[in-house]
Amino acid sequence: MTILEVIQRSTEFLARKGVDSPRLQIELLLAHVLQMPRLKLYLSFDRTLTEPQLATLRDLVKRRADREPLQHILGSTSFCGLEITVNRAVLIPRPETEQLAEKAWQWLSNRNSELATVLDFGTGSGCLAIAIAVKCPAARVCALDISETALALARQNAARHAASDRIQFHLGDGFAALPGGMRFDLLVSNPPYIASAEIETLQPEVRDHDPRLALDGGQDGLEFYRRLAAEGPARLAPGARAMFEFGDGQAPALQEIFEAHQWVIDAVERDLSGRERILIARHAGN
Numbered sequence: 000m001t002i003l004e005v006i007q008r009s010t011e012f013l014a015r016k017g018v019d020s021p022r023l024q025i026e027l028l029l030a031h032v033l034q035m036p037r038l039k040l041y042l043s044f045d046r047t048l049t050e051p052q053l054a055t056l057r058d059l060v061k062r063r064a065d066r067e068p069l070q071h072i073l074g075s076t077s078f079c080g081l082e083i084t085v086n087r088a089v090l091i092p093r094p095e096t097e098q099l100a101e102k103a104w105q106w107l108s109n110r111n112s113e114l115a116t117v118l119d120f121g122t123g124s125g126c127l128a129i130a131i132a133v134k135c136p137a138a139r140v141c142a143l144d145i146s147e148t149a150l151a152l153a154r155q156n157a158a159r160h161a162a163s164d165r166i167q168f169h170l171g172d173g174f175a176a177l178p179g180g181m182r183f184d185l186l187v188s189n190p191p192y193i194a195s196a197e198i199e200t201l202q203p204e205v206r207d208h209d210p211r212l213a214l215d216g217g218q219d220g221l222e223f224y225r226r227l228a229a230e231g232p233a234r235l236a237p238g239a240r241a242m243f244e245f246g247d248g249q250a251p252a253l254q255e256i257f258e259a260h261q262w263v264i265d266a267v268e269r270d271l272s273g274r275e276r277i278l279i280a281r282h283a284g285n
């Protein structure tokens, strides 16, 4: 069977299974099996696959048809141009979080002083902390998570991008896991923000494969923002900023929560689809 035939048949199969962007999915799987750039497939449509290659591909296509995330099948995903290893222990990074990372390193780059301390609250795969450390080499980043398995993977990802010397990893539940005197110039977080009852309505790729710990934001999805708003100020250095990703329609409630704790909202940024997605704030006491 040729590359073109494989693409055509597998695209139809994945489409029947309800997989989004089925042609792109099979092209990425095929490029992975053949260990070639995806675009090179278009120059090799007549190439015939070997039986071992077809057998390997069939297994991967079946897994994708069963709605296992492509990123888990491939073992990694691209985040801000960095290859990040992912598995069932961590949330798969989304494009919206790339925007959060970009806002963070832009703010750090525009400060008068290059030296800065950053806290990534709920680091998961480490993608945010690593992107910031790579883009702002003078920054010192703390990556905090309650999951020991997630932190182990984050450490691997940091080592992969030669950022281990600029990131400290802390295991524990919230700010209490950090040494008492630590203060930060920038607090970033993509916390769990899905309401508990809504998790069962999510796509199978998310519902059945992302860790519940990284999704469940409590009854209304806002549990972690209440902690950040109440406990965060004590961890901020003078002139510090906080940047948080949040879910669809949560902006008004978040503004109320943070303003009730004397935060000043600098901006609510929209994602590429036009939805309000990133809260940027500072505390009045700083």
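The sequence shown: position 256 = 255 (numbering that gives the first Met the number 0), numbered continuously.
Glycine included, each C-beta is placed from N, C-alpha and C at the ideal position.
Model, not experiment: these values are computed from the prediction.
* **C-beta contact flag for Glu-26 and Arg-37 at 8 Å** => Residue numbering aside, residue 26 sits at position 27 when the sequence shown is read from its first letter. Residue numbering aside, residue 37 sits at position 38 when the sequence shown is read from its first letter. Closer than 8 Å, so yes.
* To do: List the whole-angstrom C-beta distance separating Leu-90 from Leu-143, where the pair is believed to meet the contact cut-off of C-beta under 8 Å.
  => Taking the sequence shown and counting its residues from 1, the one referred to as residue 90 is at position 91. Taking the sequence shown and counting its residues from 1, the one referred to as residue 143 is at position 144. That pair is no contact at about 15 Å.
* Between Asp-28 and the rest of its own chain, which residues show a CB-CB distance below 6 Å, the 5 nearest in sequence each way excluded? -> Position 29 of the sequence shown, counting from 1, holds the residue named residue 28. Sequence check: residue 28 is Leu here, not Asp. Counting only Cβ-Cβ distances below 6 Å, and skipping sequence neighbours, we find Leu-59.
* **Euclidean distance between Cα positions of Ile-83 and Thr-148** => The residue you call residue 83 lines up with position 84 of the sequence shown. The residue you call residue 148 lines up with position 149 of the sequence shown. Answer to the nearest angstrom: the Cα atoms are 15 Å apart.
* To the nearest angstrom, how far is it from the Cα of Ala-132 to the Cα of Ala-162? -> Along the sequence shown, one-based indexing puts residue 132 at 133. Along the sequence shown, one-based indexing puts residue 162 at 163. Their backbone Cα atoms lie some 6 Å apart in a straight line.
* Asked: What's the call for Lys-102, buried or exposed, on a 16-neighbour Cβ count within 10 Å?
  -> On the sequence shown, residue 102 is found 103 positions in, with the first residue counted as 1. Around the Cβ of Lys-102, a 10 Å sphere holds 16 or more other Cβ atoms; the residue is buried.
* Asked: Does DSSP classify Ala-233 as helix, strand or coil?
  -> Here residue 233 corresponds to residue number 234 of the sequence shown, with the count starting at 1. Three-state result, Ala-233: helix.
* Length of the line joining the Cα atoms of Pro-232 and Gly-80 -> By one-based count along the sequence shown, residue 232 stands at place 233. By one-based count along the sequence shown, residue 80 stands at place 81. Cα to Cα, the separation comes out at about 32 Å.
* Expected contact under 8 Å - CB spacing of Ala-228 and Phe-257 to nearest Å -> On the sequence shown, residue 228 is found 229 positions in, with the first residue counted as 1. On the sequence shown, residue 257 is found 258 positions in, with the first residue counted as 1. With a Cβ gap of about 5 Å, Ala-228 and Phe-257 count as contacting.
* What distance in whole Å lies between the Cβ atoms of Leu-185 and Phe-287, which are believed to be in contact at a cut-off of 8 Å? -> Past the boundaries of the shown model lies residue 287; the chain is included only from 0 to 285, so the question cannot be answered.
* To do: Kindly indicate which three-state DSSP category Thr-148 falls into: helix, strand or coil?
  => As a first step, residue 148 is located in the sequence shown; it is residue number 149 there, counting from the start. Thr-148 falls in the helix class under three-state DSSP.
* To do: Assign Gln-98 to one of three DSSP states: helix, strand, or coil.
  => Within the sequence shown, residue 98 is the residue found at index 99, counting from 1. Residue state, collapsed to three classes: helix.
* Reduced DSSP category for Ala-280 - H, G, I as helix; E, B as strand; rest coil -> On the sequence shown, position 281 is the one that residue 280 refers to. Ala-280 falls in the strand class under three-state DSSP.
* To do: Tell me, please, which residues DSSP counts as bridged to Gln-167.
  => Within the sequence shown, residue 167 is the residue found at index 168, counting from 1. Cys-141, per the DSSP bridge assignment.
* Grab me the residues of Ile-166's own chain with a C-beta within less than 6 Å of its C-beta, minus the 5 sequence neighbours each way, in chain order. => Your numbering for residue 166 matches position 167 in the sequence shown. Same-chain partners within the cutoff: Ala-128, Ala-132, Val-140, Ala-142 and Ala-157.
* **Same chain, Cβ closer than 6 Å to Cys-135, neighbours up to 5 away in sequence not counted** => Here residue 135 is taken as the residue at index 136 of the sequence shown, counted from 1. Taken in chain order, the residues that qualify are Trp-104 and Leu-107.
* Secondary structure of Ser-108, DSSP reduced to three states -> As a working note, residue 108 is residue 109 in the sequence shown. Here Ser-108 sits in helix by DSSP.
* For Arg-15, the three-state DSSP class (helix, strand or coil) -> Position 16 of the sequence shown, counting from 1, holds the residue named residue 15. Looking at Arg-15 - three-state DSSP - the assignment turns out to be helix.
* To do: Taking the CB atoms as reference points, tell me whether His-71 and Arg-87 lie closer together than 8 Å.
  => For the purposes of this step, residue 71 is identified with residue 72 of the sequence shown, where counting begins at 1. For the purposes of this step, residue 87 is identified with residue 88 of the sequence shown, where counting begins at 1. Yes, the pair counts as a contact, with Cβ atoms nearer than the cut-off.
* Backbone secondary structure at Phe-44 - three-state DSSP -> The residue you call residue 44 lines up with position 45 of the sequence shown. Of the three classes helix, strand and coil, the one that applies to Phe-44 here is coil, per DSSP.
* To do: Go to Phe-257, then tell me how far its alpha helix (DSSP H) extends in each direction, as first and last residue.
  => The count along the sequence shown starts at 1 and reaches residue 257 at position 258. Residues 250 to 259.
* To do: Excluding the 5 residues preceding and the 5 following Glu-255 in the sequence, name in chain order all residues of the same chain whose CB lies nearer than 7 Å to its CB.
  => In the sequence shown, the residue the question calls residue 255 occupies position 256. Cβ neighbours of Glu-255 beyond the five flanking positions: none.
* Asked: Hey, how far is the Cα of Phe-174 from the Cα of Glu-230?
  -> Counting from 1 along the sequence shown, the entry for residue 174 is found at position 175. Counting from 1 along the sequence shown, the entry for residue 230 is found at position 231. Cα-Cα distance, rounded: 7 Å.
* Using 10 angstroms around the beta-carbon of Val-5, count the other beta-carbons present and answer buried if the total reaches 16, otherwise exposed. => Residue 5 sits at position 6 when you count from the first residue of the sequence shown. Label assigned to Val-5: buried.
* Where Asp-215 sits in the DSSP three-state scheme -> For the purposes of this step, residue 215 is identified with residue 216 of the sequence shown, where counting begins at 1. Asp-215 falls in the strand class under three-state DSSP.
* Asked: Which two residues bound the contiguous beta strand (DSSP E) that contains Glu-26?
  -> Taking the sequence shown and counting its residues from 1, one reaches residue 26 at position 27. Note, Glu-26: premise wrong, no beta strand (DSSP E); alpha helix (DSSP H) at 21 to 33.
* Asked: Leaving out the 5 sequence neighbours to the left and right, which residues in its chain are closer than 6 Å to Asp-219 when beta-carbon positions are compared?
  -> For the purposes of this step, residue 219 is taken as residue 220 along the sequence shown, with counting starting at 1. Cβ neighbours of Asp-219 beyond the five flanking positions: Ala-194.
* Could you check how far apart the C-beta atoms of Pro-308 and Ala-14 are, in whole angstroms? I think they sit under 8 Å. => Nothing in the structure corresponds to residue 308, since the chain is present only between 0 and 285.
* Would you mind sorting Met-242 into buried or exposed? The rule is 16 or more other CB atoms within 10 Å of its CB. => Indexing the sequence shown from 1 puts residue 242 at position 243. Under this definition Met-242 is a buried residue.
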